[in-house]
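S.K.: Just so you know, the protein sequences line up as chains A and B, in that order. All residue numbers for the first sequence refer to the numbering used here, where the first residue is 29 and numbers rise by one. All residue numbers for the second sequence refer to the numbering used here, where the first residue is 29 and numbers rise by one. Built from N, CA and C at the ideal position, the CB exists for glycine as well. For clarity, every value in this text was computed on a predicted model and none was experimentally measured.
Protein chains: 2
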Amino acid sequence: MAFQDPSLAHEACGSCPIRARAVCARCDEDELGRLERIKSYRSYAAGQTIVSAGERMEFVGSVVSGVAALSHTMEDGRRQMVGLLLPSDFAGRPGRSRAAYDVIAIADLVLCCFRRRAFEDLLAATPNLARRLLDMALDELDAAREWHLLLGRKTAREKVASLLRIIARRGGGAAGPGRPATTIDLPLTREQMADYLALTLETVSRQITGLRRDRLIAVTGRRGVTVLDMAGLAQAAGEEREGGYPV
Amino acid sequence: MAFQDPSLAHEACGSCPIRARAVCARCDEDELGRLERIKSYRSYAAGQTIVSAGERMEFVGSVVSGVAALSHTMEDGRRQMVGLLLPSDFAGRPGRSRAAYDVIAIADLVLCCFRRRAFEDLLAATPNLARRLLDMALDELDAAREWHLLLGRKTAREKVASLLRIIARRGGGAAGPGRPATTIDLPLTREQMADYLALTLETVSRQITGLRRDRLIAVTGRRGVTVLDMAGLAQAAGEEREGGYPV
DNA sequence: CGACGTGTTGATTCCTGTCAATACTCGTGG
DNA sequence: CCACGAGTATTGACAGGAATCAACACGTCG
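#1: Tell whether a beta-carbon distance below 8 Å holds between residue 211(B) and residue 254(B).
#2: Do residue 222(B) and residue 244(B) have their C-beta atoms within less than 8 Å of each other?
#3: Any Cβ of chain A within less than 8 Å of the Cβ of residue 131(B)?
#4: Please go through the same chain and pick out, in chain order, the residues whose beta-carbon is closer than 8 Å to the beta-carbon of residue 242(B), but skip the five residues on each side of it.
#5: State the DSSP-derived secondary structure class of residue 179(A), mapped to helix, strand or coil.
#6: If I measure Cβ to Cβ from residue 83(A) and keep anything under 6 Å in the same chain, skipping five residues before and after, which residues do I get?
#7: Answer with buried or exposed for residue 43(B), where buried requires no fewer than 16 other C-beta atoms within 10 angstroms of its C-beta.
#8: For residue 96(A) versus residue 146(A), is the C-beta spacing smaller than 8 Å?
#9: Check this for me: beta carbons of residue 88(A) and residue 100(A), under 8 Å apart or not?
#10: Are the C-beta atoms of residue 106(A) and some chain B residue less than 8 Å apart?
#11: Consider the Cβ of residue 39(A): report whether some Cβ of chain B lies at a distance smaller than 8 Å.
#12: On a CA-only basis, which of 267(A), 90(A), 45(A) is nearest residue 144(A)? Give me that one, please.
#13: With residue 245(B) as the anchor, note down where its beta strand (DSSP E) starts and where it stops.
#14: Below 8 Å between beta carbons: does that hold for residue 157(B) and residue 166(B)?
#15: My output table needs one value for residue 235(B): the three-state DSSP class, helix, strand or coil.
#16: Span of the beta strand (DSSP E) holding residue 97(B)?
#17: Is residue 134(B) helix, strand or coil by DSSP?
#18: Against residue 119(B), what residues of chain A qualify as contacts under a CB-to-CB distance less than 7 Å, listed in chain order?
#19: With three or more beta-carbon pairs closer than 8 Å as the criterion, would you say the stretch 108-124 of chain A touches the stretch 171-181 of chain B?
#20: What beta strand (DSSP E) runs, 3 residues minimum, are completely inside the stretch 33-93 of chain B?
#21: Between which two residues does the beta strand (DSSP E) harbouring residue 111(A) extend?
#22: Does chain A have any CB closer than 8 Å to the CB of residue 179(B)?
#23: Does the Cβ of residue 266(A) have 16 or more other Cβ atoms within 10 Å, making it buried, or fewer, making it exposed?
#24: List, in chain order, every chain B residue whose beta-carbon is nearer than 8 Å to that of residue 168(A).
#25: What does DSSP give as the partner residue(s) for residue 118(B) in the beta ladder?
#26: What number of angstroms, rounded off, separates the C-alpha of residue 201(A) from the C-alpha of residue 114(A)?
#27: Quick one, are the C-beta atoms of residue 98(A) and residue 51(A) less than 8 Å apart?
#28: Can you give me the C-alpha to C-alpha distance between residue 46(A) and residue 181(B), rounded to a whole angstrom?
#29: Residues of chain B with CB closer than 7 Å to the CB of residue 91(A), please, in chain order.
#30: Can you find a CB in chain B that lies within less than 8 Å of the CB of residue 158(A)?
#31: Between which two residues does the alpha helix (DSSP H) holding residue 260(A) run?
#32: My output table needs one value for residue 139(B): the three-state DSSP class, helix, strand or coil.
#33: Of all the CB atoms in chain A, is at least one closer than 8 Å to the CB of residue 189(B)?
#34: For residue 41(B) and residue 58(B), I'd like the C-alpha separation in whole angstroms.
#35: Against chain A, does residue 110(B) count as a neighbour if the rule is that its beta carbon must be under 8 Å from one of theirs?
#36: Got a sec: which bits of the stretch 254-265 of chain A sit with their beta carbon under 8 Å from any beta carbon on chain B, in order along the chain?
Here is the structure:
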């Protein structure tokens, strides 16, 4: 069960950590006020299910902190994670009242929720909100298509290396061309990595061992990973370009 | 090279076959008029490359007829189709001037193109356009995530059966619960199916043979496929539900 | 210290990819 | 109308990578 977090219940949007990147990023003070009136915070512990596929979901919202996963489960138990929600990412879909996937908190999670119907009304009346949501959806779509290549054509080693690079980039923060070693704190267990990469947890483990043996990474404990050779990891990931295309 | 198709150059939006489902679906007469002023048609022959990844693309647009594919190619030649554009689907991304993927005409194609900058301006000023594009992007995102499950967790047989079902549903048209046999005209070669499903063309061929042997489909010539047993095909596709969740 | 969840490693199997040969389609031209 | 040929599709033999099944180790917490 989700519970209202009293410490966050009246947090002002102005000092919100995800203000600059969330769905509200383009909103002005006035629009923000309207959002504030329909928002509430919900907290979930790691492992909690937020909604299951097919259930009604009467809110949409942004991840303030923590990590959530979207995943599909087939009748026979096969599972595929189809998305990872990090802070500022948006959960739920305007115009649809039932969840298309299971949404699970992977790390302790705080969601900034908006009542769905009220949000939809606001969306129709607020171009800044709609435009931001469009840009976010298009970014997600690009990321999802990028993932197709990984799922369809990359080897197990390339998949694991790719995931480590993605996490290193988004979580590492301080990683730059001048910093050869980046330490990251994996938000995922081996099983969750396997769900995301469409591998088994054994294969993930073997590939991590392989990357460690090749001195591309160092592992400390279950969660700590230090990237020793970012260029080598990029090569192991089968990445063609470092940065993508210029705009 | 694309060429302007004189027969379509002045087609009125009112009688456009994709009027009801394309990005302009929500636009009123006035808005349609503004779109009409910045639009032009382009035709491409099957096999033609519309843009390559990284190239500038000075227009966005809707598929009027035909089929196009979005695909990624890795340096070593591995390829993955990441999207299929059918009539009414939208190509290109507002806010980005370079293509993220190769866009290739798979069947003779007609595009209704809008100059990119002009379209972006119109998008900012036309909530009906923005909202429709948002809905389309969210639909695409759902479809892309559905595809993750297929790419990551389905067997070769399930992949091929899934694709046939998708094409049967979108292309067959007349297929209903009362019609047990549906004939479809595959818009894709075996190789293209393989690119889309992340298989090899040999494996696709073997699976089609297997489905044929099991009397789920019949094959006539290179492109003709008749679905003999839709329920059996659904089962072979590993689909859990027939229709998805209610709204 | 002991136990359970998590992670690692090993042996084996099986699906799909690879390489290779053959058959089929369909358009072209004799 | 049929023969030809290039592209496309099917089929076969074999190899390889990841899944599966099965122990075992680690480490975190009671």
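M.R.: Checking against the coordinates, here is how it stands:
#1: Contact flag set, yes.
#2: Residue 244(B) sits away from residue 222(B), with the two beta carbons spaced by 8 Å or more.
#3: Taking 8 Å as the threshold, the shortest C-beta distance from residue 131(B) to chain A does not fall below it.
#4: Closer than 8 Å at the Cβ level, and outside the excluded window around residue 242(B), lie 260, 264.
#5: In this structure, DSSP gives residue 179(A) a helical state, which the three-state scheme calls helix.
#6: Here the set comprises 127.
#7: Residue 43(B) is exposed by the Cβ-count criterion.
#8: The Cβ-Cβ distance between residue 96(A) and residue 146(A) does not fall below 8 Å.
#9: No; because the gap between Cβ atoms is not below 8 Å, this pair is not in contact.
#10: Chain B, which has a Cβ nearer than 8 Å to the Cβ of residue 106(A), makes this yes.
#11: So, not an interface residue.
#12: Per the Cα distances, 90(A).
#13: The continuous beta strand (DSSP E) containing residue 245(B) extends over residues 245-248.
#14: It is not a contact, given that the beta carbons lie outside the stated cut-off.
#15: If DSSP states are grouped into helix, strand and coil, residue 235(B) belongs with the helices.
#16: Residue 97(B) -> beta strand (DSSP E) spans 96-101.
#17: Residue 134(B) falls in the coil class under three-state DSSP.
#18: From the beta-carbon of residue 119(B), no residue of chain A is found nearer than 7 Å; the closest lies around 13 Å away.
#19: Yes, since at least three Cβ pairs between the stretch 108-124 of chain A and the stretch 171-181 of chain B fall closer than 8 Å, the two stretches touch.
#20: You should have 67-72, 77-79, 87-93.
#21: Bounds of the beta strand (DSSP E) holding residue 111(A) are 107-113.
#22: Judged by the 8 Å Cβ criterion, residue 179(B) is in contact with chain A.
#23: Buried is the call here.
#24: Going along chain B in sequence order, the residues near residue 168(A) (Cβ under 8 Å) are 169.
#25: According to DSSP, residue 118(B) bridges with 90(B).
#26: Because the pLDDT at residue 201(A) is just 47, under 50, the model does not fix this residue reliably, and the point stays unresolved.
#27: No, Cβ-Cβ distance for residue 98(A) and residue 51(A) is not below 8 Å.
#28: Each residue's Cα considered, the two are about 34 Å apart.
#29: Neighbours of residue 91(A) across chain B, judged by C-beta separation under 7 Å, do not exist; the nearest C-beta is about 17 Å away.
#30: Chain B contact via Cβ: present.
#31: Counting along the chain, the alpha helix (DSSP H) containing residue 260(A) begins and ends at 258-264.
#32: The answer is strand: DSSP assigns residue 139(B) an E or B state.
#33: Residue 189(B) does not count as touching chain A.
#34: Here the alpha carbons of residue 58(B) and residue 41(B) stand approximately 12 Å from one another.
#35: Proximity of residue 110(B) to chain A, defined by a Cβ-Cβ separation below 8 Å, is satisfied.
#36: Cβ contacts with chain B: none found.
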